Amino acid sequence: MEHGSAKWGNVSEICRRYCEKQYTNNLLLTQHFRMGLDGYKHKRNLNVLVVGGSGAGKSRTYAIPNIMQCNCSMVITDPKAELLRKTGGVLERNGYEVRVFDLINPETSWCYNPFAYVRDDKDVLKLINNLIRNTTPKGAQSSDPFWEKSETALLQALMLYLLHEAPLEEQNFPMIMEMLGSAQVKEDDEDYQSPLDILFERLEMRDPESIAVKQYAIYKQAAGKTAKSILISVGVRLAAFNLKQIANLTCTDELDLYSIGEKKVALFCCIPDADTSMNYLVGMIYSNLFQTLYYVADRKYGGRLPIPVHCIMDEWPNVALPDDFDKILATMRSRGISCSIIIQNIAQMKALFKDSYESLIGNCDEFLYLGGNEKEGHKYVSELLGKETLDTNTYGQTKGRSGSYSVNYQQTGRELLTPDEIRLLDNRKAILFIRGERPIMDDKYDLKKHVNFRYTEDGGASPYDYAKTPLAHDDLKIDINRLDDYELLSTEDILGE
Numbered sequence: 003m004e005h006g007s008a009k010w011g012n013v014s015e016i017c018r019r020y021c022e023k024q025y026t027n028n029l030l031l032t033q034h035f036r037m038g039l040d041g042y043k044h045k046r047n048l049n050v051l052v053v054g055g056s057g058a059g060k061s062r063t064y065a066i067p068n069i070m071q072c073n074c075s076m077v078i079t080d081p082k083a084e085l086l087r088k089t090g091g092v093l094e095r096n097g098y099e100v101r102v103f104d105l106i107n108p109e110t111s112w113c114y115n116p117f118a119y120v121r122d123d124k125d126v127l128k129l130i131n132n133l134i135r136n137t138t139p140k141g142a143q144s145s146d147p148f149w150e151k152s153e154t155a156l157l158q159a160l161m162l163y164l165l166h167e168a169p170l171e172e173q174n175f176p177m178i179m180e181m182l183g184s185a186q187v188k189e190d191d192e193d194y195q196s197p198l199d200i201l202f203e204r205l206e207m208r209d210p211e212s213i214a215v216k217q218y219a220i221y222k223q224a225a226g227k228t229a230k231s232i233l234i235s236v237g238v239r240l241a242a243f244n245l246k247q248i249a250n251l252t253c254t255d256e257l258d259l260y261s262i263g264e265k266k267v268a269l270f271c272c273i274p275d276a277d278t279s280m281n282y283l284v285g286m287i288y289s290n291l292f293q294t295l296y297y298v299a300d301r302k303y304g305g306r307l308p309i310p311v312h313c314i315m316d317e318w319p320n321v322a323l324p325d326d327f328d329k330i331l332a333t334m335r336s337r338g339i340s341c342s343i344i345i346q347n348i349a350q351m352k353a354l355f356k357d358s359y360e361s362l363i364g365n366c367d368e369f370l371y372l373g374g375n376e377k378e379g380h381k382y383v384s385e386l387l388g389k390e391t392l393d394t395n396t397y398g399q400t401k402g403r404s405g406s407y408s409v410n411y412q413q414t415g416r417e418l419l420t421p422d423e424i425r426l427l428d429n430r431k432a433i434l435f436i437r438g439e440r441p442i443m444d445d446k447y448d449l450k451k452h453v454n455f456r457y458t459e460d461g462g463a464s465p466y467d468y469a470k471t472p473l474a475h476d477d478l479k480i481d482i483n484r485l486d487d488y489e490l491l492s493t494e495d496i497l498g499e
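The opening residue of the sequence shown carries number 3 in the numbering used here; numbering runs sequentially from there.
Written out as C-alpha cells, the structure is:
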C-alpha cells in the first residue's frame, strides 16, 4: 500500500518551464530558479510569500537581488532605509526615478498627501476607514462602537467639506487640524456656536443637500458633554499631524502614485524598526496605491498597466494594510501588479489576518522558505512537503536443527522532511514551493553573482543619498499654532442679495 508520492523536484527541469531567456526579465527565487514576469505564459501569479527568521537572508538573498533586476516599477517597504542605501544607485543608473517617503528623517522626505488621491465621496469614506483602522492600536477592542462611529461622522464632514469647498492647496490634514481647533463645545451653553458650527451653517444655507452638512448634523446630535468627548477622541487620534515635521510632510504631495505603473519608478517607504507609531502613514500609502493603480489600469489602459508594479513588503507585519487585502491580492495579477510578502514566521500573518491568513497564503503561487526557529513553521512546511513511500525489507533467521531464513517486503510512509529536519535546514539552503510543482530545495541566491552587484553598497559603491533639493515642504511651511480667522458672510452675501 502506497503511503504518499512526494519527492523533490528537479530545479533545472522546473526552471526551464517558467523562466524567460532574458535573465533580467525574471523574478529571482533561488540560485538556480527564476520565474518569468509574463504570467500569461506560465499561468502563475507572481505573488511570493517569503518566510525566514532573523538572519535567514530575506533581504540579501531575495529583496536586494530582485530590486537589482530593474525590470518593473517597485514600491518597497524599507525598515532602517537599508535597501534604499544599498540599491538606490543601481536603480538610478538603470533609468529609474527614485522617490522616498522617509519616516526616519521626515524633514528630508518626499511629501505625501492622502487627499491627492481622493476623486469622489466614496474615496473619502475609504480613506477615513483606513485611517481609523491604522490609528487603532493592534489588538484593541471597543465594547461600544459608538465612539468610533461618531469620530467617523465628524471626520467625514470635515474631509467632505474640504473636498467640495476648499481650494486644492488647503485639502490636507494640517487644515483638518485647524478646523478641529475651531470646534468648541460649551457644556453649559447649548446655544453656543463655534466658528466651525457657523461654517457648516453657512454651507447649509447655500447647499442644504451637501453630504458634508448631513454628516456634520449626525455629529451635532450628540449632547454637549458627548460632543466634547468626540472632539477629544478625534484630536488624540490625529495628534501626530500637530507635529511640525508631520504637518510639513503631509501638506502637499510629491509621490505621484498615478505614474508608478506608467514609467520606471522605485518608491521606498522607509520606516524605523524601533518605533511603529507613524507607520500607519505607510499603510495609507498602500491603500491609496492599490486604489489608484486599479483606477489607472481600468480607466486608462483597458485593465492592465503598461509597466508591471512589484510591491516588496519587507517586515510586512509592521504596516497596517486594508482589511480586504486578501481580495486585492487575488485580483491584482490581471492589472500587472504583484506582491512579495516578507515575514519572519507564519504566526505573524495569522495574528494580523486571523480569519483570512490561509486565503493570503493561497493567493501566493510561490512560497519561499529560508529557515527559521518557529515550531509551527517547521510543522507547516513539513506538511506542505508531504509524505514519500519507502520500500523496506526485513530479514529473519532462526537457528537450530530446523532453522529457517525469511525476507519480508513492505512499504512504509515518511515525511519528505520531518519538522526537526526542517529546523536543522542548512542556512545556505532554501525550500521553494511553486503551485502545481514538486517542492524544490536549492541554494539561496548569491548576491555577489548578480551583474549589478558592483553598483551596490555591498559591492563597493558609495551608499545612496537621496537628498532632494528643493523639497516641496520647504516652500509650504505649516504654522500649526495658527488659527485662521473665518470670514462669516451675511445671509444677503450668501444668497447674492
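We treat Cβ as the ideally placed atom computed from N, Cα and C, and that holds for glycine. It should be emphasised that the depicted structure is a prediction, and the values quoted were computed from it without experimental measurement.
First and last residue of the uninterrupted alpha helix (DSSP H) at residue i
i	result
V238	226 to 239
L387	377 to 387
P81	No alpha helix (DSSP H) holds P81; the beta strand (DSSP E) holding it covers 75 to 81.
S358	Where S358 is concerned, there is no enclosing alpha helix (DSSP H), given that its DSSP letter is neither H nor E.
M37	Looking at the DSSP string, M37 is not in any alpha helix (DSSP H); the run it does join, the beta strand (DSSP E), is 36 to 38.
G185	In the sequence as presented, Gly is not what sits at residue 185; that position holds Ala. Premise fails: A185 is in no alpha helix (DSSP H) and is neither H nor E.
N136	123 to 136
N68	66 to 70
L30	It is not in any alpha helix (DSSP H) - L30 instead sits in the beta strand (DSSP E) that spans 28 to 30.
A1	A query on residue 1 cannot be resolved here, the shown segment of the chain reaching from 3 to 499 and no further.
Contacts around residue i, its chain only, beta-carbon distance under 6 Å, and the 5 residues preceding and following it disregarded
i	result
G461	F455
H34	V13, D444
P421	H380, K381, S384
Where residue i falls: helix, strand or coil (DSSP)
i	result
E192	coil
M280	coil
I106	coil
P147	coil
H312	strand
T254	coil
G59	coil
S111	coil
T471	Model confidence at T471 stands at a pLDDT of 43, short of 50, so the residue's coordinates are unreliable; what they give is reported in the following sentence. Correct three-state label for T471: coil.
E317	coil
N365	coil
Y407	strand
S336	helix
T400	strand
R484	For R484, the predicted structure reports a pLDDT of 49, less than 50, and the residue's modelled location is therefore unreliable. The matter cannot be settled from this model.
C272	strand
R306	coil
R46	coil
Y371	strand
N174	coil
E423	helix
S7	strand
V92	helix
Residue range of the beta strand (DSSP E) that includes residue i
i	result
K431	431 to 436
D445	442 to 445
Q52	The identity of residue 52 in the sequence shown is Val, whereas the question assumes Gln. Where V52 is concerned, the enclosing beta strand (DSSP E) stretches over 50 to 54.
I344	339 to 345
L323	Looking at the DSSP string, L323 is not in any beta strand (DSSP E), and its letter there is neither H nor E.
L201	L201 -> not in any beta strand (DSSP E); alpha helix (DSSP H) instead, spanning 197 to 208.
Contact set for residue i: own chain, Cβ-Cβ below 7 Å, skip 5 residues either direction
i	result
L282	Here residue 282 turns out to be Tyr, not Leu, going by the sequence shown. So the qualifying residues of the chain are N136, T137, A322.
S111	V102, F103, D104, L251
R484	Caution is warranted here: a pLDDT of 49 is assigned to R484, below 50, making its placement in the model unreliable, and the coordinate value is therefore given only provisionally. Excluding positions up to five away in sequence, the list is empty.
E192	G226
G97	K266
Y468	L86, G90, V100, V102
V126	V120, Q158, M161, L162, L165
Contact set for residue i: own chain, Cβ-Cβ below 8 Å, skip 5 residues either direction
i	result
L205	Y163, E167, S212, A214, V215
N347	V53, G55, G374, E376, E378, G379
A349	E376, E378, G379
Y194	Q186, V187, K188
L386	F369, F435, P441
Below 8 Å, can you find three or more Cβ-Cβ pairs linking the segment 74 to 85 to the segment 311 to 320?
-> The answer is yes - the segment 311 to 320 touches the segment 74 to 85, with three or more Cβ pairs under 8 Å.
So, do the segment 120 to 137 and the segment 151 to 160 have three or more beta carbon pairs nearer to each other than 8 Å?
-> yes
Should the segment 300 to 311 be regarded as contacting the segment 322 to 342, the criterion being three or more beta carbon pairs within less than 8 Å?
-> yes
Spell out a yes or no on whether the segment 371 to 378 and the segment 47 to 61 are touching, meaning 3 or more CB-CB pairs, one atom from each, closer than 8 Å.
-> yes
Three CB pairs or more closer than 8 Å across the segment 271 to 279 and the segment 220 to 235 = no
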